[in-house]
Amino acid sequence: MQEIASQGQLRMAFLRWAMVTVPFVLLIGFLSANLVPAGSQNAWYAALSKPAGTPPDWAFPVAWTTIYILLGLAVAMVLNARGSRLRAQALALFAVQLAANFAWTPLFFGMHRITWSLVLIAAIFLLVLAMTFVFARIRKAAAWCLVPYLIWVSYAGIILFQIGQLNPNAEHVVTSPSATQITL
681 MQEIASQGQL RMAFLRWAMV TVPFVLLIGF LSANLVPAGS QNAWYAALSK
731 PAGTPPDWAF PVAWTTIYIL LGLAVAMVLN ARGSRLRAQA LALFAVQLAA
781 NFAWTPLFFG MHRITWSLVL IAAIFLLVLA MTFVFARIRK AAAWCLVPYL
831 IWVSYAGIIL FQIGQLNPNA EHVVTSPSAT QITL
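Per the numbering used here, the very first residue in the sequence shown carries number 681; after that it's consecutive.
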């Protein structure tokens, strides 16, 4: 039986996809993070009471950069699986998840909507979970790349819930005229 493509050709095809998907996902993450000031650079967020387990500001770019690189690699693996019947479904889940992820930062840091941000982060978790199961049916390694994302979103959801509990009126707090707030 003759192979359609050699291992080397398959590896090179994956690398070509990764050279597109990793920078693309990093760019989307960078754009989302820079739509509005986040972390301690956001006066509204800086004024909130935060639970003891809140990560320091430096942890967020490290965690998200790692997650976005792994997400880009996972998508490259799926794109490289041309014969998979689930490829279109996996890519659709990826696109919806990426759009939801992109919307979270402006919703929380810009609009100050803790409750809606919690709903969105729960939706993101479910999308990433579904994506993990579909990716696993295509390439197990692609699914494993999503595990840190699931862990981080779970942790972020817990922290976000606690922030909501500690700051029940936070959605109505305006810290100063220079604070960035997006209104609908």
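By construction, the Cβ of each residue, glycine as well, lies at the ideal position given by its N, Cα and C atoms.
Three or more beta-carbon pairs separated by less than 8 Å link the stretch 825-835 to the stretch 748-755, which places the two stretches in contact.
At a Cβ-Cβ threshold of 8 Å, T795 and S712 do not count as neighbours.
Taken atom to atom, the span from the alpha-carbon of H852 to that of G790 is near 12 Å. Going by beta carbons, A768 and R819 fall outside the 8 Å limit. Following the DSSP letters along the chain, one finds M791 in no alpha helix (DSSP H), marked with neither H nor E.
By the neighbour-count criterion, in which a residue is buried when 16 or more other Cβ atoms sit within 10 angstroms of its Cβ, S729 is exposed. Inter-residue distance for W744 and G719 is about 13 Å (C-alpha atoms, whole angstroms).
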